[in-house]
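Asker:
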Amino acid sequence: MSSLDSTEGNRFGNGIPSRPGNPIQLLEYVSSGDESFGKIVINDAALRIINNIREPVAIIAVVGSYRRGKSWFANVLHGRHDGFELGSKVEGCTRGIYMWDTPFSHEGKRVIVLDCEGIDDPKQEQAWAVKLFILCLIVSSTFIYNISGIVGRDDIGKLYLMTDLTKFIQPPSGYDFLPRLVVLLRDFQLDEPDDFRKYFIEKLNNVNEEIAKSIKNYFHDFNVFGLPHPGCNRSQLRDMENVATENLDEEFVNIVVTVVRSIYSNLNPKYIGSSTMTGMSFGKFLVDCVEKMNDPENSEQLSIPSEYETVIQYMSHKATDKCMEIYESGMNEEIKDRVPILWDEFDDIHNNYYNKAQEEFHDMVIGSSQQVIDFIDGFNAQIQKVKEKYVKTNSEALYAYNHELAENLWKTHIKCRLNKENLFKDKDEFDAAEEAFRNDYQNQMMASPEAGAAITKFLDDNYSQALEILTQLGTLKEEQANALRRLEEAQKESIKAQERVTSLESAIKQGALEGKQQAEKLERKMNDMAKNIENQKTQNEELKKQLLDQQRQMVEQQKAAAAEREKRMQQMMEREREAAAERERLMQRMLEQESAARREALLLSQRGGNDDGGCQIL
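This is how it looks when you write it as structure tokens:
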């Protein structure tokens, strides 16, 4: 490889951006030393570079006959003459597959250019040559085939494999997995035809009709370009990595620029069904394909649907693990040592990290429409399950805080007066103390359903006992104590009813917010997948229509289900509100009855006093 470590390199210029970085071997073939197939070995350092790419990846594989300028063109795709090592010997220079160690960004994609070992190298094992061609074909999104411009029987390289591609690959429906094909006819010296595609197919047809037919059938999107001779002398050809662009033939340079711009203007990401591959999913796909090719028990045919399914499930597990970590680490950091907190604040924290986790999950997960929805539903269920752990922790802390508050206020206002030395002198004084207790609790509590539960439980344990003490010590009459017990029971039921209403209102509000966020993200995900289907320009228009219709139906079904859930929750809340209002009316009637009874008792007391001690004046 070139020893040049400069980020600048020998620039090609002419509007093609120069990309910093250096080549790194992605994989190599290790021969077995006998007639059996050896082993394809992936470089872990290169794989780490790929796995760290978060964006969709576009894979450009430059393949073709050795000593035809293949590696030089791979360099030009980086805006340079140097980088990938060039060979001028009889044997080819590139062994295995090399990539650039700094994949560059282009229109929202990260581009990885693969410089592949030359096909038909004299020292190359036939089995490795076939697997190399097939591997480059299935992992790339743009497949550049670099061959002689003569297009003769000895110049078409491994294109003969196209005559029976299914012998080596079990494709998914529609052949959508195949890359965009770009054929470069090198050293093309003839008059330029009006249509290079037509010219190439005709020449190919003269050599092998089956190959020509297969190219048209398999590759609905392909281009052919004729590159003339570079125009430099033999010594310069041997040293193309150091040649200056101005020393090359102007026509050659102009056509190269046109080809490069055409490649990048039509550059698609690597697709897996209706999803794009990121670095992680592509890395998994590459590793699995290599493992299958290395497996001596495996047949020669590589099943693309099986490999896709493995990658899809792998990404689902990875997405779940990563996004659960986003949610749990965020919740732990925000809530740990801070409980109890009010539920509005809790919901804000939950929504923040849930939203972050959802965003990442939707970006990572891939598969069919139904698979994506199932994965999302499963992830949401896991989030809710983990959320309950934090809900329980905060709920217990809220309850404990409010229960302790009730206990302290009870000591201040009530308990200290339940003895002969400091006894309430009458019911009115007790009522005033109880009202002060309840008002202070209302003002100091952490408002929540737990506050209602705490005060209810505390009074269950202490209120009746206080009434018994006051009755025994003569502060209250038995009928007064019983009336207070009934009133307390009514208040307790009213508090419980209000708790249910508050909990339902909170659940409806939170459910509506989460449902809206989920629907928006799902719709965006489905729209992206629909665009991916459109961008693949699949030949099977009926399949495309079915997929798009299915995605639209699924989005609508999800929206309808969310609306139905919200409707049911609203109906439940209305019923609870009505029940709470009825209990409130009941308690009000009891208060009115108690007040009337007090007035009547007071009136009777006044009358009795006049009869016993009064002196009637006539």
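The sequence shown begins at -10 in the numbering used here and counts up one residue at a time. Think of the CB as a built atom: it goes at the ideal place given N, C-alpha and C, for glycine as much as any other residue.
Taking 8 Å as the cut-off, decide whether the C-beta atoms of L15 and I86 are in contact.
Answerer: yes
Asker: Would you mind working out which of N195, D450, L174 sits nearest F185, comparing C-alpha positions?
Answerer: L174
Asker: So that I know if they touch, is there some Cβ in chain B lying closer than 8 Å to that of A233?
Answerer: Note that chain B does not occur in the displayed structure, where there is just one protein chain.
Asker: Return the CA-CA distance between G356 and F208, expressed in angstroms with no decimal places.
Answerer: Rounded to the nearest angstrom, the two C-alpha atoms are 23 Å apart.
Asker: Would the stretch 372 to 390 count as touching the stretch 430 to 449 if we require 3 or more Cβ pairs under 8 Å?
Answerer: By the Cβ rule, the stretch 372 to 390 counts as touching the stretch 430 to 449, because three or more pairs are nearer than 8 Å.
Asker: Which one or two residues does DSSP pair with W89 in a beta bridge?
Answerer: According to DSSP, which records beta bridges pairwise, W89 is partnered with P12.
Asker: Quick check on DSSP: helix, strand or coil for A370?
Answerer: helix
Asker: Based on the DSSP output, what are the partners of R69 in its beta bridges?
Answerer: R0
Asker: Rounded C-beta distance between M266 and P45? I'm assuming under 8 Å.
Answerer: Right, their Cβ atoms sit about 7 Å apart.
Asker: Measuring CB atoms only, is the stretch 37 to 44 touching the stretch 187 to 202, in the sense that at least three cross pairs come out at less than 8 Å?
Answerer: no
Asker: How is H402 classed by DSSP in three states: helix, strand or coil?
Answerer: helix
Asker: Pick helix, strand or coil for K28, following the three-state DSSP scheme.
Answerer: strand
Asker: When DSSP labels each residue in this structure, what does S137 get in the three-state scheme?
Answerer: If DSSP states are grouped into helix, strand and coil, S137 belongs with the strands.
Asker: In the DSSP assignment, find the unbroken alpha helix (DSSP H) run with N344 in it and report its ends.
Answerer: Its alpha helix (DSSP H) spans residues 332 to 353.
Asker: Three Cβ pairs or more, each shorter than 8 Å: is that satisfied between the stretch 390 to 406 and the stretch 348 to 368?
Answerer: The stretch 390 to 406, when compared against the stretch 348 to 368, does not touch it at the 8 Å Cβ threshold.
Asker: Going by beta-carbon coordinates alone, are M304 and V361 separated by less than 8 Å?
Answerer: Cβ distance not < 8 Å, so M304 and V361 don't count as in contact.
Asker: Taking I101 as part of the beta strand (DSSP E), name the residues at either end of that continuous run.
Answerer: 98 to 105
Asker: Which same chain residues, not among the five before or five after G215, have their C-beta less than 7 Å away from its C-beta?
Answerer: G138, L174, F177, E181, F185
Asker: Enumerate in chain order the residues of its own chain whose CB-to-CB distance from P160 is below 7 Å, with the five nearest sequence positions on each side excluded.
Answerer: F166, I293
Asker: Specify, as a first and last residue, the run of the beta strand (DSSP E) that R169 falls within.
Answerer: 169 to 175
Asker: Once DSSP output is grouped into helix, strand and coil, what is the label at N212?
Answerer: The answer is strand: DSSP assigns N212 an E or B state.
Asker: In angstroms with no decimal places, state the Cα-to-Cα distance between M434 and E523.
Answerer: Roughly 58 Å between the two C-alpha positions.
Asker: Thinking just about the alpha-carbon of each residue, which of N236, D228, N344, D417 is nearest to the one in Q506?
Answerer: The shortest C-alpha separation from Q506 is found at N344.
Asker: Please name the residue, chosen from Q431, L412, F413, I403, that lies closest to E423 on a Cα-to-Cα basis.
Answerer: Considering only alpha carbons, the answer is I403.
Asker: Among the residues of its own chain, which have a CB less than 8 Å from the CB of V279, if the five just before and after it don't count?
Answerer: L16, I29, I31, L124
Asker: Could you name the residues that DSSP lists as bridge partners for L291?
Answerer: DSSP lists I158 as the bridge partner or partners of L291.
Asker: Could you say which of T491, E114, I42, F132 lies nearest to G97 if we only look at CA atoms?
Answerer: Selected option, being the one with the closest Cα: I42.
Asker: Just to confirm, is the Cβ distance from D90 to V51 under 8 Å?
Answerer: No, they are not a contact pair.
Asker: In this structure, what does DSSP give as the bridge partners for P45?
Answerer: T267
Asker: Using the beta-carbon count (16 or more within 10 Å), is E410 buried or exposed?
Answerer: exposed
Asker: Near P217, which residues of its chain fall below 8 Å by C-beta distance, leaving aside the five closest residues on each side in sequence?
Answerer: D176, F177, Q178, D238, E240, F241, I244
Asker: When we look at the beta-carbon of N471 and count the other beta-carbons within 10 Å, is it buried (16 or more) or exposed?
Answerer: exposed
Asker: Please report the distance separating the alpha-carbon of M282 from that of F26.
Answerer: Cα to Cα, M282 sits roughly 9 Å from F26.
Asker: What does the Cβ neighbour count give for R169, buried or exposed, with the cut at 16 atoms within 10 Å?
Answerer: Within a 10 Å sphere around the beta-carbon of R169 sit 16 or more other beta-carbons, which makes this residue buried.
Asker: Expressed to the nearest angstrom, what Euclidean distance is found between the alpha-carbon atoms of F122 and E334?
Answerer: 58 Å
Asker: For a test of the three-state rule: what should DSSP assign to V52, helix, strand or coil?
Answerer: strand
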